[in-house]
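Everything on this sheet refers to the single structure shown next.
2 protein chains.
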Amino acid sequence: MTSSVTAHPEREGFALYGYFRSSAAYRVRIALHLKGVAAEYRFVHLLKDGGQQHDPAYRALNPQELIPTLTHDGHAIGQSLAIVEYLDEILPEPPLLPKDAVGRARVRQLAYAVACDIHPVNNLRVNLYLRDAFSAPEEKRVEWQRHWMALGFAAIEEWLSRSPETGRFCHGDTPTLADICLIPQLANARRVALDLSPYPALLRIDETARAHPAFAAAAPGAQPDAE
Amino acid sequence: MTSSVTAHPEREGFALYGYFRSSAAYRVRIALHLKGVAAEYRFVHLLKDGGQQHDPAYRALNPQELIPTLTHDGHAIGQSLAIVEYLDEILPEPPLLPKDAVGRARVRQLAYAVACDIHPVNNLRVNLYLRDAFSAPEEKRVEWQRHWMALGFAAIEEWLSRSPETGRFCHGDTPTLADICLIPQLANARRVALDLSPYPALLRIDETARAHPAFAAAAPGAQPDAE
Chain L
1 MTSSVTAHPE
11 REGFALYGYF
21 RSSAAYRVRI
31 ALHLKGVAAE
41 YRFVHLLKDG
51 GQQHDPAYRA
61 LNPQELIPTL
71 THDGHAIGQS
81 LAIVEYLDEI
91 LPEPPLLPKD
101 AVGRARVRQL
111 AYAVACDIHP
121 VNNLRVNLYL
131 RDAFSAPEEK
141 RVEWQRHWMA
151 LGFAAIEEWL
161 SRSPETGRFC
171 HGDTPTLADI
181 CLIPQLANAR
191 RVALDLSPYP
201 ALLRIDETAR
211 AHPAFAAAAP
221 GAQPDAE
Chain W
228 MTSSVTAHPE
238 REGFALYGYF
248 RSSAAYRVRI
258 ALHLKGVAAE
268 YRFVHLLKDG
278 GQQHDPAYRA
288 LNPQELIPTL
298 THDGHAIGQS
308 LAIVEYLDEI
318 LPEPPLLPKD
328 AVGRARVRQL
338 AYAVACDIHP
348 VNNLRVNLYL
358 RDAFSAPEEK
368 RVEWQRHWMA
378 LGFAAIEEWL
388 SRSPETGRFC
398 HGDTPTLADI
408 CLIPQLANAR
418 RVALDLSPYP
428 ALLRIDETAR
438 AHPAFAAAAP
448 GAQPDAE
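Those sequence lines, one after another, are chains L and W.
Numbering-wise, the first sequence is residues 1 to 227 according to this note's numbering.
Numbering-wise, the second sequence is residues 228 to 454 according to this note's numbering.
Structural data, given as structure tokens:
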């Protein structure tokens with residue numbers, strides 16, 4: 001009996017359900033590329049068919065009907081940050097969090113400032129609810145998005161610019177969970193033409209990160225489902 | 228020279244900036260009580276003085292101008308979940324996350340379903356923005372809150388009811404990060420009179436948790452700043 005030889009069997013058997021434009025899926029794509037995982041990508045179109053995330057088959061994997069979902073080893077894991085922490089625990093190299101507890105808290109704080117306080121408030125389903133239940137026109141909904149981004153980015157800019165821990169990336173000179181959240185959020189900001197000039201630290205880190213192969217490979221425009 | 232004797236010096240020197248009604252501060256209070264930390268509580272009234280979270284002195288600690296903030300060992304940490312993970316790392320007993328990576332992912336997924344997808348969308352500042360920029364009346368804003376809670380709770384109910392990992396608490400028979408997020412969110416749901424009868428697993432866990440001394444001590448009504 002022959003068996004196939006794989007260099008890194010622990011990096012196989014991952015599938016990611018995502019959508020090129022979802023910044024939450026983008027985070028997980030960055031983490032997968034940083035960890036050297038060649039995941040199988042499965043595409044869930046958030047706008048077609050009334051939203052493929054509401055399909056019963058997808059709902060069985062993720063009852064929140066949100067993307068992304070990672071499947072691995074018989075488990076389905078939703079919530080992008082739960083997925084990234086999982087990847088960091090089962091594949092520790094390269095680490096996505098610093099080793100010291102204070103540094104880990106700093107990185108998580110930066111990450112959650114995006115993942116809790118900017119992203120969900122601006123998510124597609126909130127946008128649709130504002131449109132449908134509040135009859136909010138496109139212009140007011142774009143203003144809404146810019147408002148929460150600007151508030152969050154101002155705080156993150158202050159954290160980054162006043163801390164000696166900030167390096168080429170948000171924490172030191174290698175990518176962490178903070179960059180994994182920040183870079184996709186900056187891509188969203190560009191989509192709504194937010195003026196980013198008040199955030200020089202963010203722009204500098206964004207430029208560094210986007211030149212990194214893992215971030216480049218994970219970018220929305222580089223995905224097979226990109227439109 | 229004499230020195231004061233303390234039984235648990237590693238559990239001293241913590242201060243929490245919070246507000247009795249904030250469900251994010253409530254999470255951290257539960258974690259502090261579970262860890263046996265007698266933190267000093269400092270009160271930031273979110274409605275008085277135009278919101279004390281916007282005071283320059285508080286802003287210096289937390290540029291997001293959100294509560295809670297934990298100070299410890301010369302560091303100020305914002306974002307409730309960053310604080311809870313920090314506490315769990317520096318004071319490992321009792322653990323707030325399971326030992327296995329899949330279990331940790333499950334608990335974080337449940338926690339983030341509350342902390343990312345329900346709470347920030349319903350936060351005070353969003354409520355005020357809906358009132359001021361969208362002229363949304365009280366009734367529509369309460370409906371908004373109920374909508375996001377009901378969506379999130381339905382998904383969590385499904386996760387909990389279909390998993391053999393669910394025990395007396397969300398994951399097994401001891402409290403984790405998932406319960407730390409869920410119980411304060413259920414308190415918020417009662418404040419807007421959401422019908423909780425579709426969520427029997429949540430109600431059962433809520434009853435168990437609220438009988439636990441750490442959860443009882445952390446409840447909004449038990450705080451010195453309660454109104």
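Beta carbons are placed, not taken as given, at the ideal position from N, Cα and C, and that holds for glycine.
The structure displayed is predicted, hence computed values, not measured ones.
Three-state secondary structure (DSSP) of residue i
i: Ile77 (chain L); result: strand
i: Gly277 (chain W); result: helix
i: Arg42 (chain L); result: strand
i: Leu259 (chain W); result: helix
i: Ala242 (chain W); result: strand
i: Gly394 (chain W); result: coil
i: Thr208 (chain L); result: helix
i: Leu318 (chain W); result: coil
i: Leu413 (chain W); result: helix
i: Leu70 (chain L); result: strand
i: Ser4 (chain L); result: Only weak support exists for where Ser4 (chain L) lies, its pLDDT of 46 falling under 50; the value from the coordinates is given anyway. The answer is coil: DSSP assigns Ser4 (chain L) none of H, G, I, E or B.
i: Ala226 (chain L); result: coil
i: Leu423 (chain W); result: coil
Among the options, nearest to residue i - alpha-carbon criterion
i: Glu237 (chain W); options: W:Glu320, W:Ser362, W:Leu351, W:Ile410; result: W:Glu320
i: Leu124 (chain L); options: L:Leu46, L:Ala217, L:Ala216; result: L:Leu46
i: Leu194 (chain L); options: L:Tyr41, L:Leu151, L:Gln79; result: L:Leu151
i: Ala211 (chain L); options: L:Ile30, L:Phe14, L:Gly13, L:Tyr19; result: L:Ile30
i: Gly399 (chain W); options: W:Ile310, W:Leu323, W:Tyr285; result: W:Leu323
i: Thr261 (chain W); options: W:Gly278, W:Ile407, W:Ala414, W:Met376; result: Strictly speaking, residue 261 (chain W) in this sequence is Leu, with Thr absent from that position. Among W:Gly278, W:Ile407, W:Ala414, W:Met376, the Cα nearest to that of Leu261 (chain W) is on W:Ile407.
i: Thr456 (chain W); options: W:Leu423, W:Glu385, W:Asp433; result: Residue 456 (chain W) cannot be examined here, being either before or after the span of chain W that is shown, 228 to 454.
i: Ala303 (chain W); options: W:Arg358, W:Gln279, W:Tyr244; result: W:Tyr244
i: Ser307 (chain W); options: L:Glu227, L:Pro98, L:Ala113; result: L:Ala113
i: Ala414 (chain W); options: W:Leu355, W:Arg395, W:Phe442, W:Glu385; result: W:Phe442
i: Gly394 (chain W); options: W:Ser362, W:Ala287, W:Pro364, W:Ala428; result: W:Ala428
i: Val192 (chain L); options: L:Gln145, L:Glu227, L:Asp225, L:Leu203; result: L:Gln145
Euclidean distance between Cα positions of residue i and residue j
i: Cys170 (chain L); j: Val28 (chain L); result: 17 Å
i: Val5 (chain L); j: Ala154 (chain L); result: Because Val5 (chain L) carries a pLDDT of 49, less than 50, the predicted location of this residue cannot be relied on, and the following value inherits that uncertainty. If I take the Cα positions, the gap works out to 50 Å.
i: Ala342 (chain W); j: Val121 (chain L); result: 12 Å
i: Glu48 (chain L); j: Gln450 (chain W); result: Position check: residue 48 (chain L) holds Lys in this sequence, whereas Glu was assumed. Straight-line Cα distance between these residues: approximately 49 Å.
i: Thr69 (chain L); j: Gly36 (chain L); result: 18 Å
i: Leu160 (chain L); j: Pro425 (chain W); result: 44 Å
i: Gln291 (chain W); j: Ile156 (chain L); result: 8 Å
i: Glu392 (chain W); j: Ala265 (chain W); result: 31 Å
i: His72 (chain L); j: Ala405 (chain W); result: 22 Å
i: Ile252 (chain L); j: Ala332 (chain W); result: Residue 252 (chain L) is absent from the structure shown; chain L starts at 1 and stops at 227.
i: Ser390 (chain W); j: Ala217 (chain L); result: 35 Å
i: His374 (chain W); j: His8 (chain L); result: 45 Å
i: Met1 (chain L); j: Lys326 (chain W); result: Caution is warranted here: a pLDDT of 39 is assigned to Met1 (chain L), below 50, making its placement in the model unreliable, and no coordinate value can be reported.
i: Ala209 (chain L); j: Leu423 (chain W); result: 44 Å
i: Asp282 (chain W); j: Leu314 (chain W); result: 26 Å
i: Gly221 (chain L); j: Arg190 (chain L); result: 13 Å
i: Leu259 (chain W); j: Tyr285 (chain W); result: 21 Å
i: Pro137 (chain L); j: Glu267 (chain W); result: 47 Å
i: Pro213 (chain L); j: Ala226 (chain L); result: 18 Å
i: Leu61 (chain L); j: Glu385 (chain W); result: 11 Å
Unbroken alpha helix (DSSP H) run spanning residue i, endpoints
i: Tyr112 (chain L); result: 101-115
i: His374 (chain W); result: 365-389
i: Leu61 (chain L); result: 56-61
i: Pro213 (chain L); result: 213-218
Pair within 7 Å by beta-carbon distance, residue i and residue j
i: Val271 (chain W); j: Ile294 (chain W); result: yes
i: Gln185 (chain L); j: Ser23 (chain L); result: yes
i: Gly301 (chain W); j: Gln109 (chain L); result: no
i: Arg42 (chain L); j: Ala25 (chain L); result: no
i: Arg368 (chain W); j: Leu357 (chain W); result: yes
i: Ile345 (chain W); j: Met376 (chain W); result: yes
i: Phe20 (chain L); j: Phe361 (chain W); result: no
i: Val126 (chain L); j: Thr176 (chain L); result: no
Residue i, enclosing beta strand (DSSP E) - first and last residue
i: Leu124 (chain L); result: That residue, Leu124 (chain L), is in no beta strand (DSSP E); its alpha helix (DSSP H) goes 124-133.
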